[in-house]
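Student: In my numbering, the protein residues as written are 27 to 105.
For glycine and all other residues, C-beta sits at the position ideal for the given N, C-alpha and C.
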């Protein structure tokens with residue numbers, strides 16, 4: 027795997043945007059044809075609820091990720 031994306035699936039992050047972010051990530055990877063090159067996994071809770079929604083790509087943590095920010099992050103990471 028070239029990259030790893032971890033999506034916090036804790037109730038706070040999921041309700042505050044990671045449900046939508048997960049769909050956005052899946053669509054993005056599919057459109058780019060890179061699903062096989064990226065490990066996508068969910069985490070129970072990142073213990074950073076106040077900073078959520080939280081997502082980690084490779085070793086970089088992103089906080090307060092909304093769908094617009096998520097798309098920018100994906101475009102930058104997977105040019």
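How is the alpha helix (DSSP H) around residue 101 delimited, first residue to last?
Tutor: 93–103 is the extent of the alpha helix (DSSP H) around residue 101.
Student: Please list, in chain order, all residues of the same chain as residue 39 whose beta carbon is under 6 Å from its beta carbon, the five residues on each side excluded.
Tutor: Hits under 6 Å: 78, 79 and 80.
Student: What do you reckon, are the CB atoms on residue 93 and residue 58 nearer than 8 Å?
Tutor: no
Student: To the nearest angstrom, how far is the alpha carbon of residue 44 from that of residue 70?
Tutor: 12 Å
Student: Could you pull the start and end residues of the beta strand (DSSP E) that residue 60 belongs to?
Tutor: Note, residue 60: premise wrong, no beta strand (DSSP E); not H, not E.
Student: With H, G and I counted as helix, E and B as strand and the rest as coil, what does DSSP make of residue 68?
Tutor: Secondary structure of residue 68 (DSSP, three-state): strand.
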